[in-house]
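Peer 1:
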Amino acid sequence: MDGKVCLITGATGGIGLEAAKALARMGATVVLVGRDAGRTEAAVAAVKEAAPSAQVDWLRADLASLKSVRELAQTFRSRYPRLDVLLNNAGLIIDRRQVTEDGLEATMATNHFAPFLLTNLLLDVMKATGPARIINVSSDAHAAGKLDFDDLQSERGFIGFRVYGTSKLANILFTRALAKRLEGTQVTTNALHPGVVRTGFGHNTQGFFRHLVKLGAAFMISAEKGARTSVYLASSPEVEAVSGQYFYKCRPKKPSSAARNDALAERLWQVSEQLTGVKG
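For the sequence shown, the positions run 1 to 280 when full-length UniProt numbering is used.
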């Protein structure tokens with residue numbers, strides 16, 4: 001990974017931080033994205049401790065804000081002429097419906113619309129860099145999701161885990177639609193399930209899901225293990241030409257039937273363009 005630049009969202013802890021450490025050890029320049037300056041600076045220090053000779057940078061962004069995502073892309077472009085790996089890792093689950101400044105439900109805003117917008121804003125840089133890779137961290141929870149285009153913002157009913165599952169379904173559908181658009185370029189894109197990972201994820205929820213996370217912690221894998229498939233997709237020559245697939249434990253896995261529905265993927269792409277303001 002020497003000379004390669006990797007941009008990682010949700011990099012202040014858990015899977016994102018462990019992926020950053022691993023890629024930095026391989027020689028990559030890693031750019032961490034976080035919302036909180038203090039936590040992101042601490043993550044940079046952790047990566048430098050793991051890989052003392054690595055080039056490590058950080059950018060601040062609130063992925064629940066489309067304006068902030070646009071500023072993130074603009075700042076990155078002003079600092080770096082290339083982007084070899086975009087790891088869309090940041091994820092959110094909440095148990096009470098929240099609406100962002102853009103009028104979007106917060107889970108979908110953070111987990112789907114933010115990576116959709118960020119990826120599209122950086123695509124020309126990645127095409128110019130090529131070969132380059134876009135990696136979207138999804139989840140097997142996608143099987144519990146259902147896209148209702150008449151209620152995409154969950155105004156008629158909000159169940160946190162179901163909405164989270166829908167956002168993860170959106171990640172896979174986005175990956176499929178993007179892969180088609182990238183045919184003939186040197187840019188690939190794949191999605192993955194990291195496993196059930198023991199991190200701080202879900203600790204900001206209340207009630208049943210928070211207790212479920214605590215009870216299940218003993219059976220979860222470490223963040224380091226959870227990052228392995230992300231690192232594999234970012235660096236392995238084995239998947240250099242693979243695109244549009246869903247991976248688990250560094251191997252392709254068949255996602256749900258809804259996640260393989262190309263008509264659904266195209267409709268989601270069109271709606272996402274409209275809601276994020278992406279053109280083309």
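Glycine is no exception: its CB is placed at the ideal position from the N, C-alpha and C atoms.
(1) Is the beta carbon of E49 closer than 9 Å to that of A61?
(2) So does the stretch 92 to 108 actually touch the stretch 154 to 164, counting three or more Cβ pairs closer than 8 Å?
(3) Looking at the strands, I want to know which residues DSSP matches up with A120.
(4) Starting from the C-beta of A144, find all residues in its chain whose C-beta is less than 7 Å away, skip the five residues before and the five after it, and write them out in chain order.
(5) Look at D57 and T12 and say whether their C-beta atoms are less than 9 Å apart.
(6) Could you tell me which residues DSSP puts in a beta bridge with P252?
(7) Using the C-alpha atoms, what's the distance from R39 back to W269?
(8) Using alpha carbons as the reference points, say which of L86, R260, S230 lies closest to K249.
(9) Return helix, strand or coil for N88, following the three-state DSSP convention.
(10) Which value, in whole angstroms, describes the spacing of the CA atoms of A131 and T9?
(11) Determine the extent of the alpha helix (DSSP H) in which A45 is found, giving its start and end residues.
(12) For the candidate residues D124, R97, A42, A46, whose alpha-carbon lies nearest to that of S154?
(13) Would you tell me roughly how many angstroms separate the C-alpha atoms of F116 and V137, rounded to the nearest one?
(14) Cutting at 6 Å between CB atoms, please list the residues of its own chain near A191, excluding the five before and the five after it.
(15) Mark E238 as exposed unless 16 or more other C-beta atoms lie within 10 angstroms of its C-beta, in which case mark it buried.
(16) By a C-beta neighbour count over all protein chains shown, 10 Å radius and 16 as the cutoff for buried, is L264 buried or exposed?
(17) Based on DSSP bridge pairs, tell me the residues matched to I8.
Peer 2: Once the coordinates are examined:
(1) As a first step, residue 61 must be located in the sequence shown, where it is residue number 61. As a first step, residue 49 must be located in the sequence shown, where it is residue number 49. Contact flag unset, no.
(2) These segments touch.
(3) The residue you call residue 120 lines up with position 120 of the sequence shown. Checking the sequence, you will find Asn at residue 120 rather than Ala. Note: N120 sits in no beta bridge, so no partner.
(4) As a working mapping, residue 144 is identified with position 144 in the sequence shown. Within the same chain, A144 has close Cβ partners F161, R162, G165.
(5) Counted from its first residue, the sequence shown places residue 57 at position 57. Counted from its first residue, the sequence shown places residue 12 at position 12. No, they are not a contact pair.
(6) Indexing the sequence shown from 1 puts residue 252 at position 252. Looking at the DSSP assignment, P252 forms a beta bridge with F247.
(7) The residue given as residue 269 occupies position 269 in the sequence shown. The residue given as residue 39 occupies position 39 in the sequence shown. Cα-Cα distance, rounded: 33 Å.
(8) Position 249 of the sequence shown, counting from 1, holds the residue named residue 249. Cα-wise, what sits closest to K249 is S230.
(9) Here residue 88 corresponds to residue number 88 of the sequence shown, with the count starting at 1. Three-state DSSP puts N88 in a strand.
(10) Here residue 131 refers to the residue found at position 131 when the sequence shown is read from its first residue. Here residue 9 refers to the residue found at position 9 when the sequence shown is read from its first residue. Ala is not the amino acid found at residue 131; the sequence shown has Pro there. Roughly 20 Å between the two C-alpha positions.
(11) On the sequence shown, position 45 is the one that residue 45 refers to. Taken as a continuous stretch (DSSP letters only), the alpha helix (DSSP H) holding A45 covers 37 to 50.
(12) The residue labelled residue 154 in the question sits at position 154 within the sequence shown. Cα-wise, what sits closest to S154 is R97.
(13) Along the sequence shown, one-based indexing puts residue 116 at 116. Along the sequence shown, one-based indexing puts residue 137 at 137. Here the alpha carbon of F116 sits roughly 12 Å from the alpha carbon of V137.
(14) For the purposes of this step, residue 191 is taken as residue 191 along the sequence shown, with counting starting at 1. Within the same chain, N136, S138, N171, I172, T175, Y246 come within 6 Å of A191 by CB-CB distance, once the 5 residues on both sides are set aside.
(15) Position 238 of the sequence shown, counting from 1, holds the residue named residue 238. It is exposed - the Cβ of E238 has fewer than 16 other Cβ atoms within 10 Å.
(16) Translated into the one-based positions of the sequence shown, residue 264 becomes position 264. When all chains shown are included, L264 counts as buried.
(17) In the sequence shown, counting from the first residue as 1, residue 8 sits at position 8. For I8, which the question treats as bridged, DSSP gives the partners L32, L87.
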